[in-house]
Amino acid sequence: MDSTSISNQTANVQPPLMPPAPVKGTIKTGFLADLFSRFVAALSIVVNPGNLLRSRLETFSWPWAMSVSGIAFFLFFLQTGLDLYRADAAGTGRVSLLAITGIVYGTAGVAFIGAVAWTLTRAIGGSRPVDWVIRAFALSYSPALIYGLLGLAANVLMGWNTAMAFGITGALWAIGPMTATIREVVGDKPWASLAIATFCGGLILFGWAWVSRL
Amino acid sequence: MSTTTSERGKETGEANGRSRLAAILVCFAAMGWLIGRSYSESVFHQVLLVVLGTAVGFAGIFLYTRVLFIFNASVQQQHGSSAIKQTVLTGFIMLIPFTILATAAEIWLVWNAVIAFVSAGIMLSGVAVSAELVKLGKQGWRSTAVPAFAAGLFAMFWISIVSLVQLILRS
Chain E
1 MDSTSISNQT ANVQPPLMPP APVKGTIKTG FLADLFSRFV AALSIVVNPG NLLRSRLETF
61 SWPWAMSVSG IAFFLFFLQT GLDLYRADAA GTGRVSLLAI TGIVYGTAGV AFIGAVAWTL
121 TRAIGGSRPV DWVIRAFALS YSPALIYGLL GLAANVLMGW NTAMAFGITG ALWAIGPMTA
181 TIREVVGDKP WASLAIATFC GGLILFGWAW VSRL
Chain Z
1001 MSTTTSERGK ETGEANGRSR LAAILVCFAA MGWLIGRSYS ESVFHQVLLV VLGTAVGFAG
1061 IFLYTRVLFI FNASVQQQHG SSAIKQTVLT GFIMLIPFTI LATAAEIWLV WNAVIAFVSA
1121 GIMLSGVAVS AELVKLGKQG WRSTAVPAFA AGLFAMFWIS IVSLVQLILR S
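Those protein sequence lines, which keep their order, are chains E and Z. For the first sequence, the tail end lands on 214 under my numbering, and the numbers increase by one without skipping. For the second sequence, the tail end lands on 1171 under my numbering, and the numbers increase by one without skipping.
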């Protein structure tokens, strides 16, 4: 055994109780930074849906995925309530009720629509499990969450009516990732993917219009 | 024999491309009509905005394809002369859901929000184009950032021209 191979072996041995050495380029992060980096990863469902759906969707737990759509719709419905409040069409009680409805709509509602989409994909040869489709649908609302935050800021700070401008736009941005999800489930069937995504996107969008009028 | 098969494949691809282009132009025409009808009851104004929406959409698709040709010349070399064109037409059929939903929102719910549908539709079509380019094995900012950024400019181009003409017609 020459001296080079011995030094290579020595370099590969790690003391058992030592913490793993930090990888070059990573930063020690706190909870918020970790949350932010996971959200940025979730946001990649818009720019590169194939990569996230094929290899990283499993890293997002159910509660994490549903909280993305839950918070997005909470903000959307809250803005709807604030717009109505400004127009003297709702009191603080109704605004609060709408915000809570948003959480339910963004979690149970999105899960239901995901299940509807899964049922439709099964009819045309889809093979992914229902929880996979629901998680992907929930993460599709990550751009809506950003629009929701920006819209709420504009609503509160500048007094704008933002439910249509920011809320609807955010909800529309989910249609792209939803189409990519369905395409991933059913294979290369673009027309079928578009039809199912249009149906499901329409259910969610017009469901908001119906629920917010109640 | 193989030449005949590849020729048939090419013909089928061109036929698909034509039907996709027709579907995309119908989407732009419908968006123009929706903007026209939300501001004017005049049939002339609505027809003018249908024609304008289609023409600006066609010009936008042409310019968008040229931009991708410039930044992704290697795709054309590897996959043939019509690869970029097919990629753009496949990506832009993403406009269909937005057109259907915009029509439903305008006619049944009277939302007056066609611009939101147009901008989201064109920009997400750009994202779909970049996904198609990645599928062809093209990685990097030229295939991901350029199609999305160019789609943003396309959306601004279409909305600005159609809104400007609609404002002139109203005044």
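Here a beta-carbon is modelled for each residue, glycine too, at the ideal position from N, C-alpha and C. Bear in mind the structure is a predicted one, so any value in this text is a computation, not a measurement.
*Considering only C-alpha positions, which residue in the set Z:Gly1017, Z:Ala1015, Z:Gly1091 and Z:Leu1048 is nearest to Z:Met1031?*
Locating residue 1031 of chain Z in the second sequence gives position 31, counting from the first residue. For Z:Met1031, the closest C-alpha among the options Z:Gly1017, Z:Ala1015, Z:Gly1091 and Z:Leu1048 is that of Z:Leu1048.
Quiz item: Is it right to say E:Phe77 is buried, meaning 16 or more other beta carbons lie within 10 angstroms of its own, or is it exposed?
Solution: Translated into positions along the first sequence, residue 77 of chain E becomes position 77. E:Phe77 counts as buried, since at least 16 other C-beta atoms from the protein chains shown sit within 10 angstroms of its C-beta.
Below 8 Å, can you find three or more Cβ-Cβ pairs linking the segment 66 to 75 of chain E to the segment 105 to 120 of chain E?
Three or more pairs of CB atoms, one per stretch, sit closer than 8 Å, so the segment 66 to 75 of chain E contacts the segment 105 to 120 of chain E.
**Message:** Let me check understanding here. Comparing Cα to Cα, which of Z:Ser1163, Z:Phe1154, Z:Ser1171 and Z:Leu1109 lies closest to E:Gly207?
**Reply:** For the purposes of this step, residue 207 of chain E is identified with residue 207 of the first sequence, where counting begins at 1. Selected option, being the one with the closest Cα: Z:Leu1109.
> Where E:Met164 and E:Leu57 are concerned, what is the direct C-alpha to C-alpha distance, given to the nearest angstrom?
Replying inline: Taking the first residue of the first sequence as position 1, residue 164 of chain E is located at position 164. Taking the first residue of the first sequence as position 1, residue 57 of chain E is located at position 57. Rounded to whole angstroms, E:Met164 to E:Leu57 spans 30 Å at the Cα level.
Check whether the Cβ atoms of E:Ala180 and E:Leu53 sit closer than 8 Å, and answer yes or no. In the first sequence, counting from the first residue as 1, residue 180 of chain E sits at position 180. In the first sequence, counting from the first residue as 1, residue 53 of chain E sits at position 53. Cβ distance < 8 Å, so E:Ala180 and E:Leu53 count as in contact.
task: Since I believe Z:Ser1038 is in contact with Z:Glu1106 (beta carbons under 8 Å), could you give me their beta-carbon distance rounded to a whole number of angstroms?
output: Taking the first residue of the second sequence as position 1, residue 1106 of chain Z is located at position 106. Taking the first residue of the second sequence as position 1, residue 1038 of chain Z is located at position 38. 6 Å between Cβ atoms; contact.
My parser needs the alpha helix (DSSP H) runs of 4 or more residues fully inside the segment 70 to 148 of chain E; what are they? Qualifying alpha helix (DSSP H) stretches, in chain order: 92 to 104, 110 to 123 and 130 to 139.
Checklist entry - Which residues in the same chain have their Cβ closer than 7 Å to the Cβ of Z:Leu1054, if we skip the five residues on either side of it in sequence? => result By 1-based counting over the second sequence, the position of residue 1054 of chain Z is 54. Checking the sequence, you will find Thr at residue 1054 of chain Z rather than Leu. Only Leu1025, Phe1028, Ala1029 and Gly1032 meet the Cβ criterion.
- Message: At the level of alpha carbons, what is the spacing between Z:Gly1036 and Z:Gln1046?
- Response: Translated into positions along the second sequence, residue 1036 of chain Z becomes position 36. Translated into positions along the second sequence, residue 1046 of chain Z becomes position 46. Whole-angstrom Cα-Cα distance: 5 Å.
Are the CB atoms of Z:Val1127 and E:Gly125 nearer to each other than 8 Å?
Start at 1 with the first residue of the second sequence, and residue 1127 of chain Z comes out as number 127. Start at 1 with the first residue of the first sequence, and residue 125 of chain E comes out as number 125. Cβ distance not < 8 Å, so Z:Val1127 and E:Gly125 don't count as in contact.
Using 8 Å as the threshold, is the C-beta distance between Z:Leu1034 and Z:Val1114 below it? As a working note, residue 1034 of chain Z is residue 34 in the second sequence. As a working note, residue 1114 of chain Z is residue 114 in the second sequence. In this structure, Z:Val1114 lies closer than 8 Å to Z:Leu1034 by Cβ.
Check Z:Gln1086 in the structure and name its three-state DSSP category. The sequence position of residue 1086 of chain Z within the second sequence is 86, counting from 1. Helix at Z:Gln1086.
Worksheet item: When the distance is taken between beta carbons, is E:Val133 closer than 8 Å to E:Ala123?
Response: As a working note, residue 123 of chain E is residue 123 in the first sequence. As a working note, residue 133 of chain E is residue 133 in the first sequence. Result no, Cβ atoms of E:Ala123 and E:Val133 do not sit closer than 8 Å.
When the Cα atoms are used, what is the spatial distance from Z:Ser1163 to Z:Ser1119? Counting from one through the second sequence, the residue named residue 1163 of chain Z turns up at place 163. Counting from one through the second sequence, the residue named residue 1119 of chain Z turns up at place 119. The C-alpha of Z:Ser1163 lies about 13 Å from the C-alpha of Z:Ser1119.
Check the Cβ of E:Ile168 against every Cβ in chain Z and list those closer than 7 Å, keeping chain order.
-> One-based indexing of the first sequence puts residue 168 of chain E at position 168. Here the neighbours are Ala1113 and Ala1116.
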